[in-house]
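Going by our numbering, the final residue of the sequence shown carries number 849, and the count climbs one at a time with no gaps.
Below: the structure, in structure tokens.
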Amino acid sequence: MKVGIMGGTFDPIHQGHLLAAERAREEAGLEEVWFMPSSTPPHKPNAPKASAEQRLEMVKAAIAGNRHFRAEALEIRRGGTSYTVDTVHELRRQYPGIDFYYIIGADMVQYLPNWVRIDELAGLIKFIGLARPGYSSETGSLPESIRNSVIPASMPQVDISSTMIRQMRKAGKSVRYFVPDPVLFYIEENGLYES
Ligand code: ATP
Ligand code: MG
């Protein structure tokens with residue numbers, strides 16, 4: 655069985671993440687997508703604003719009712735800095751029968767050369783790369799070993815980021831329809847990202 659891992663900080667999860675996961679699922683013929691919030695992301699200067707528990711709860715709220723999507727708390731349980739290469743080793747150990755793919759937006763496609771132990775990781779799994787405004791989906795400038803492990807999938811450009819949502823909340827603006835309603839309710843109930 656083919657499973658896509660959608661990793662991220664999800665601070666908060668938004669429509670761009672959900673659409674990317676669904677496009678990847680369909681285009682790559684994945685049976686499931688597992689959304690995996692990181693504990694501490696390696697590439698971000700600031701700690702997530704919401705707690706790991708809150709980010710996981712928002713993921714669960716966003717995907718409830720979709721039988722192809724599930725939340726995976728492996729990185730949160732492990733704690734510390736979440737390196738994808740460690741995670742993929744662990745997943746392969748736990749689920750030897752599953753063929754894993756790692757879903758990423760174009761910003762992360764371009765950033766792949768900086769991922770910790772990327773050559774090892776590229777030998778373990780394939781990436782599914784999706785378009786994202788402001789970033790090229792071209793893999794031509796990547797080292798060949800990395801380039802060969804990226805499978806492109808198409809999606810309409812969705813100009814939404816978690817950073818944008820946090821800034822809008824701080825400015826007192828509505829983020830309705832940027833995030834699914836159950837996520838909006840969670841954010842409002844918990845007063846997340848207010849100034
Ligand atoms: P932040 O602004 O805090 O970095 P983000 O919106 O980039 O948040 P992340 O949790 O950092 O969200 O991203 C997780 C994964 O989802 C990454 O692979 C990223 O490229 C992808 N992704 C996020 N938003 C989009 C989008 N709008 N279109 C396509 N891919 C996206
Ligand atoms: Mg990001």
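Ideal placement from N, C-alpha and C gives every residue a C-beta, glycine not left out.
Just so you know, these numbers come straight off a predicted model, no measurement behind them.
When DSSP states are grouped into helix, strand and coil, Asp753 belongs to the strand group. Secondary structure at Glu686: strand, using DSSP grouped into helix, strand and coil.
Comparing alpha-carbon positions, the option among Glu681, Gly719, Ser736 and Arg823 lying closest to Ala706 turns out to be Ser736.
Rounded to the nearest whole angstrom, the CA to CA distance from Val687 to Ile800 is 22 Å.
Taking 8 Å as the cut-off, the beta carbon of Arg677 is found closer than this to the beta carbon of Leu784. In this structure, the C-beta of Arg679 stays at least 7 Å away from each heavy atom of ligand 1. When C-beta atoms of the segment 657 to 668 are compared with those of the segment 824 to 841, three or more pairs fall below 8 Å, so the two segments count as touching. Scanning the segment 778 to 839 from its first residue to its last, the whole alpha helix (DSSP H) runs of 4-plus residues come out as 798 to 801 and 816 to 824. Rounded to the nearest whole angstrom, the C-alpha separation of Arg732 and Arg709 is 15 Å. Here the alpha carbons of Lys827 and Lys698 stand approximately 25 Å from one another.
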